[in-house]
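Those sequence lines, one after another, are chains A and B.
For what it's worth, my numbering labels the leading residue of the first sequence as 1, then goes sequentially.
For what it's worth, my numbering labels the leading residue of the second sequence as 228, then goes sequentially.
For each residue, glycine too, the CB sits at the ideal point set by N, CA and C.
Small disclaimer: the values here were computed from a predicted structure and weren't measured.
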Amino acid sequence: MPGDGEMTEQQGNAAQVSIGMPRLGTPAPQFEAATTHGTIRLEDFKGSWLVLFSHPADFTPVCTTEFIAFAAIQDQLREMNCELMGLSIDSTYSHIAWVRNIQEKMGVAIDFPVIADLNKEVALLYGMIMPGESKTETSRCVFVIDPDQVLRAMIYYPLTTGRNMDEILRLIQALQTTDEHSVATPANWRPGDKVILPPPATQDAAEERVNMPGLECKDWYFCKKDL
Amino acid sequence: MPCIDGDALTPTGRQLLEALAEPRTDEEVKDIIGQRLFRVRISLRELMYAGLATVERGRYSLTDAGRAKLEEGRG
Numbered sequence: 001m002p003g004d005g006e007m008t009e010q011q012g013n014a015a016q017v018s019i020g021m022p023r024l025g026t027p028a029p030q031f032e033a034a035t036t037h038g039t040i041r042l043e044d045f046k047g048s049w050l051v052l053f054s055h056p057a058d059f060t061p062v063c064t065t066e067f068i069a070f071a072a073i074q075d076q077l078r079e080m081n082c083e084l085m086g087l088s089i090d091s092t093y094s095h096i097a098w099v100r101n102i103q104e105k106m107g108v109a110i111d112f113p114v115i116a117d118l119n120k121e122v123a124l125l126y127g128m129i130m131p132g133e134s135k136t137e138t139s140r141c142v143f144v145i146d147p148d149q150v151l152r153a154m155i156y157y158p159l160t161t162g163r164n165m166d167e168i169l170r171l172i173q174a175l176q177t178t179d180e181h182s183v184a185t186p187a188n189w190r191p192g193d194k195v196i197l198p199p200p201a202t203q204d205a206a207e208e209r210v211n212m213p214g215l216e217c218k219d220w221y222f223c224k225k226d227l
Numbered sequence: 228m229p230c231i232d233g234d235a236l237t238p239t240g241r242q243l244l245e246a247l248a249e250p251r252t253d254e255e256v257k258d259i260i261g262q263r264l265f266r267v268r269i270s271l272r273e274l275m276y277a278g279l280a281t282v283e284r285g286r287y288s289l290t291d292a293g294r295a296k297l298e299e300g301r302g
């Protein structure tokens with residue numbers, strides 16, 4: 001049994017691999033990495049949104065379904081000024097071979113860059129490794145980074161469970177709506193649904209809010225409107 | 228999107244060098260060659276590392292070596 005101040009082996013392993021954990025609303029950690037499209041810096045994406053996502057390993061089945069699903073939403077993301085970039089702890093050669101395999105066997109072209117993070121530099125910077133699942137593979141992480149390179153949302157999924165593209169699209173649509181209209185979005189929001197006004201912070205503002213035309217208010221702090 | 232393959236220019240590399248016939252921003256280059264902006268930035272960086280382009284106040288232009296490289300292919 002470990003004494004006071006001593007770590008168990010599991011705790012020690014967790015401490016070794018979990019170096020970084022980015023925070024929402026702060027600048028996304030910068031990096032330069034080898035990818036299937038050459039050496040890329042995060043700053044190369046300044047001016048557009050970016051979905052940076054990790055997968056556990058090339059040539060594995062769930063990851064393949066996810067790559068196909070990401071490819072399927074890429075055009076829609078581009079129309080939203082949003083780029084895609086994948087990552088796993090595999091070599092560029094493995095990535096290239098896998099992408100070519102997906103094209104040949106599944107008939108799907110993978111057009112987004114994939115980071116070959118063999119030294120785990122980006123994975124550790126972004127807290128992509130969950131030692132409880134694997135010390136050598138990234139879990140299924142998604143980082144939504146805005147045009148100013150601020151980290152706006154994170155999704156973490158386990159190795160076993162493929163991600164949902166509808167939710168990733170919905171998330172970016174919601175964030176872009178928030179930025180454009182200074183509103184919040186309620187649970188299960190979809191484009192076209194009513195949005196939420198941020199709650200008033202003073203008594204006077206609360207009184208104004210409940211008397212404001214064009215709003216649907218249950219109470220002073222809970223008001224929705226159409227865009 | 229490699230621009231240089233050994234000593235030779237790829238078609239993309241040539242397209243980029245031609246776009247830099249006069250000083251341009253990365254956004255202007257993107258509009259000329261029709262590539263995603265991040266890809267343009269990667270390629271411009273590659274050209275700079277190869278000594279074929281330079282940047283000043285956000286505008287990219289050809290170096291003497293870049294102009295020579297462009298002429299090479301035309302010869």
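| request: Tell me whether A:ALA15 is buried or exposed, calling it buried when 16 or more other Cβ atoms sit within 10 Å of its Cβ. | output: Since pLDDT at A:ALA15 reaches only 47, below the 50 mark, its modelled position is unreliable, and the value read off the structure follows with that caveat. Exposed is the label assigned to A:ALA15, since fewer than 16 other Cβ atoms lie within 10 Å of its Cβ.
| Which chain A residues sit within Cβ distance under 8 Å of B:ILE259? | Here the premise fails: no neighbours, minimum Cβ distance about 17 Å.
| From A:PHE143, A:LEU124 and A:VAL144, residue whose alpha carbon lies closest to that of A:LYS135 | A:LEU124
| said: I'd like to know whether the C-beta of B:THR237 is nearer than 8 Å to at least one C-beta of chain A. | reply: no
| said: Using a Cβ-based criterion (distance less than 7 Å to any ligand heavy atom), does A:VAL195 qualify as near the ligand MG? | reply: Annotation note on the ligand MG: not contained in the displayed structure, which lists no ligands.
| said: Is there a C-beta anywhere in chain A that falls below 8 Å from the one on B:ARG284? | reply: no
| In whole angstroms, what separates the C-alpha of A:TRP49 from that of A:GLN76? | 13 Å
| request: Let me know if A:MET1 comes out buried or exposed under the rule of 16 or more other beta-carbons within 10 Å of its beta-carbon. | output: With a pLDDT of 48 at A:MET1, under the threshold of 50, the predicted position of this residue should be treated as unreliable, and no value is reported.
| said: Less than 8 Å between CB atoms is the rule here; does B:THR290 satisfy it with respect to chain A? | reply: no
| request: Would you mind stating whether A:GLU66 and A:ARG163 have Cβ atoms separated by less than 8 Å? | output: yes
| task | Starting from the C-beta of B:MET228, find all residues in its chain whose C-beta is less than 8 Å away, skip the five residues before and the five after it, and write them out in chain order. | result | Note that B:MET228 scores a pLDDT of 46, beneath 50, so its modelled location is shaky; the value from the coordinates is reported in the next line. So the qualifying residues of the chain are THR239, GLN262, ARG266, ILE269 and SER270.
| request: Keeping to the same chain, check which residues put their C-beta closer than 7 Å to that of A:HIS37; ignore five residues upstream and five downstream. | output: PRO113
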